[in-house]
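Taking it in order: structure first as structure tokens, then the write-up.
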Amino acid sequence: MERAIVTERLNGIFQDIFDDPSLVVRDELTASDVDGWDSLSHINLIVAVEKEFRIKLTTGEVRGLNNVGDFIALIVKKAA
Amino acid sequence: MNLARQNNNADLDYARLVRKSKRLESIPGARTLRLAILSDAATQQFVPLLRALFHENGVNVEIYEGAFDALELEILNPASALYAFQPDFIVLANATQALRGRYYQAGAGDFLENAAARILEAWDAIGDFSTARIIQFNYSLPYERPFGNYDLKVPHSFYSIAAALNLHIAEGARERPNVLVCDVEAIASWIGRRDWFDDRLWNMAKSFCRLDHLPLVAQSVVDIALAAFGRLVKCVVLDLDNTLWGGVVGDDGALGIAIGPHGDGEAFYHFQQYLLSLKRRGILLAVCSKNNPEAALSPFLENPGMALSRDDFAVFVANWENKADNLRTIRDTLRIGFDSMVFLDDNPFERNLVRDRLPEIIVPELPEDPADYVRAVSELNLFETASFSDEDVERAEQYRQEAGRMEVERAFSNIDDFLKSLEMKMEIGRFEKAKIPRIAQLLQRSNQFNLTTHRYNDAECEKMMLDGNCIPLYASLRDRFGDHGLISVVILRRTPDALAISDWLMSCRVLARGVEQFLMNYVVYLALREGLPKITGDYLPTAKNAMVKEFYARFGFEKVAENKGRTVWHLDPAAYEPRTVYIREEGEVSTAAG
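Chains A and B, in that order, give the protein sequences. Okay, so the first sequence: first residue is 0 according to numbering that gives the first Met the number 0, each after it adds one. Okay, so the second sequence: first residue is 0 according to numbering that gives the first Met the number 0, each after it adds one.
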């Protein structure tokens, strides 16, 4: 799947999960940059992404995510 | 308080509920329920769902979340924050995955006995330190079976142990009215274990199932809590043609309709049997059908394939009037609220008409195929309850006796003559252990004739029983037509200068019989006997108890205060004129604590 499309759809999920319609995702974004990105919303995020892109992420893949850029790359790869 | 099931056919989407939980505003005028949740799984995902679902059911909720995996720590310590929170409910959300962890650590040995004892100890400690009701999760059965099909033959396999623990939970809960079971295993098996468990989510976030299924569990907890607080379905109203049998009796004749244990009628027969099981558990059945009355009755009299008989119905209405008006008649006859009625009809036009005209009545969709009726109705979990007593079983019979009384009443031109002819006898007594289940149930169920609507549970009732300054009274009534059972509760408190009526409630089945007059005469007699110069009473308004707004005024009480609809009343017992009643008292009355 194209990176631009993934980024756009991921942006919608972020806005929804963090309840902030002005939120814009970028590659360097990490949990510490976003208000309310805690362990609870992280799980909600993972589950929402799996549903949106119809993919299933392994525990290792989830643990390996360091920022939004990693996340996008992983989705692009899995949702091929 | 309005406990109507407001999210009937609810959309239990996880993401929707999480979004909703972020924007909840407290509902003005609704009651607030206090719920504590303790778990050896994570509760962060679960609690927002509870908040959203209680809100959708019209109830405010305060939730206390215990620390992760610290159940015993809080439960066994009477000074813990759990008890300081003063919960109405304590949810014990035990997870199969946590049990699995302990099982593999401990080894088989006496693991089962220890795990069962641990649960019972927790219940008993809660019972000692709190009057909260317990909502205990049972265990969703694990998918791992090291012995394959042989697993069940090995008593110490994890699979066998989880199944055995569920039995211990069920049996323990049967003996303890303060313990209600949330049957998580039933939900898991309904979903299917393969889809229910998500071990990755357990590892990452200690979630005991896939997030998509959490709302179903939360809805179950809400259903249990609201049933315990009085939201109960009391009556199922049924259409006849193509609902209770296949075909149209007016055209096909009593023997031409499809009904019976085999063939075309089997789906309807199964549905009738299901309705019969509801009736046996205390739900009233009523008929509301567009038919000639003779035609409507004919299958009950002539068709041997019917599982239900005419006597299974408390009310039978068949005419050509519109169904909304007929449902009003049924409500008036049974004296119950619309929100405790379920209407089942195969015809979408009738369903929509009733939804439109009587929005409080629960009107589920019925599937096209009658073979799916029982499943569709079961899936809605409409018949939740927090108690089951012999009175439930007898209720249908009592309503039929009532129909007999109504006929006699019509024969008398004078109400006093009618009341005399009933030969009523009343028993009044202090709460006693054997009667507590029925008393607590009446406290839960009575909405209309209820002055203060305090929902005391079994444990609180038992406490009053032993309190020397409290006079908790029940009253039972019978007459020549039969036994009404325990129909009224009056709770009095002695203060230095007054007899305070803290609660007064009565089943609406015995309205206009002189029961409350008899009891007021008795309360005044008690005040005079104790030399108390004043009787006081409160009225707390709810959405349903307008009927008793002027209750105290009718007995000559003087209104001394009024605040936001709540009124306070005083009476000088010496000035009270005893009311005429046609009830005789039977049995000895002791008001002393013991």
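We put the beta carbon where it would ideally sit given N, CA and C, even for glycine.
- In terms of beta-carbon proximity, R99/B stays away from the interface with chain A, with every pair separated by 8 Å or more.
- Judged by beta-carbon spacing, Q135/B lies within the 8 Å limit of V180/B, meaning their Cβ atoms are closer than that value.
- DSSP places A285/B in the strand class (E or B) of the three-state scheme.
- A distance below 8 Å separates the beta carbons of R479/B and E422/B.
- Excluding the 5 residues flanking it on each side, G35/A has same chain C-beta neighbours closer than 6 Å at F17, in chain order.
- Among the residues of chain B, none has a CB under 9 Å from the CB of A30/A; the nearest is roughly 14 Å distant.
- Using a Cβ-Cβ cut-off of 8 Å, A227/B does not count as an interface residue toward chain A, since no Cβ of chain A sits closer than that to its own.
- At the C-beta level, N93/B and Y138/B come within 8 Å of one another.
- A Cβ of chain A is located within less than 8 Å of the beta carbon of L200/B.
- For a Cβ distance threshold of 9 Å, residue set I42 of chain A lies close to S206/B, ordered along the chain.
- Assignment of M519/B by DSSP, reduced to helix, strand and coil, places it in the helix class.
- Remark: C-beta atoms of L518/B and S487/B approach each other more closely than 8 Å.
- Counting C-beta pairs with one atom in each stretch, the stretch 18–35 of chain B and the stretch 68–86 of chain B have three or more that are closer than 8 Å, which means they touch.
- Taken in chain order, the unbroken stretches of alpha helix (DSSP H) that lie wholly in the stretch 278–335 of chain B and span 4 residues or more are 292–301, 322–333.
- Between the stretch 239–254 of chain B and the stretch 68–76 of chain B, the count of C-beta pairs closer than 8 Å stays below three; the two stretches do not touch.
- Out of F448/B, F207/B, V580/B, V216/B, the CA that lies nearest to the CA of A185/B is found in V216/B.
- By the rule that beta-carbons nearer than 8 Å mark a contact, M203/B touches chain A.
- Neighbours of S38/A across chain B, judged by C-beta separation under 9 Å: A41, Q43, M203, A204.
- With a cutoff of 8 Å on beta-carbon distance, I71/A and R8/A are scored as not near each other.
- Within its own chain, the residues whose Cβ lies closer than 6 Å to the Cβ of F270/B, once the five positions on either side in sequence are excluded, are Y372, V373, listed in chain order.
- Note: S487/B is bridge-paired with A474/B, M505/B in the DSSP secondary-structure output.
- Straight through space, the alpha carbons of L140/B and R327/B are spaced by roughly 46 Å.
- The beta-carbon of A163/B is placed no less than 8 Å from the nearest beta-carbon of chain A.
- Straight through space, the alpha carbons of E459/B and N165/B are spaced by roughly 28 Å.
- No residue range can be given for H453/B, since it is assigned to no alpha helix (DSSP H) and is classified by DSSP as neither H nor E.
- Non-local beta-carbon contacts of P363/B in its own chain, meaning distances under 8 Å to residues more than five positions away in sequence, involve N7, N8, V341, L343, A375, V376, L379, L381 in chain order.
- Put simply, of G259/B, E431/B, T535/B, A172/B the residue whose alpha carbon is nearest the alpha carbon of L485/B is E431/B.
- Short of 7 Å from the beta carbon of R279/B, and not among the five residues preceding or following it, lie these beta carbons of its own chain, in chain order: V392.
- One Cα belongs to A79/A, the other to Q43/B, and the distance between them is close to 33 Å.
- Between R50/B and the set E64/B, M505/B, D39/B, the nearest pair of CA atoms involves E64/B.
- In the DSSP assignment, G428/B falls within the unbroken beta strand (DSSP E) covering 423–429.
- The C-beta of K21/B comes closer than 8 Å to at least one C-beta of chain A.
- G57/B and I26/B have their C-alpha atoms roughly 7 Å apart.
- In the pairwise beta carbon analysis, the stretch 317–326 of chain B is classified as touching the stretch 284–304 of chain B: at least three pairs are separated by under 8 Å.
- An exposed status is given to I4/A, since fewer than 16 other beta-carbon atoms sit within 10 Å of its beta-carbon.
- Contact note: V48/A does not reach chain B at a C-beta cutoff of 8 Å; the least C-beta distance is about 12 Å.
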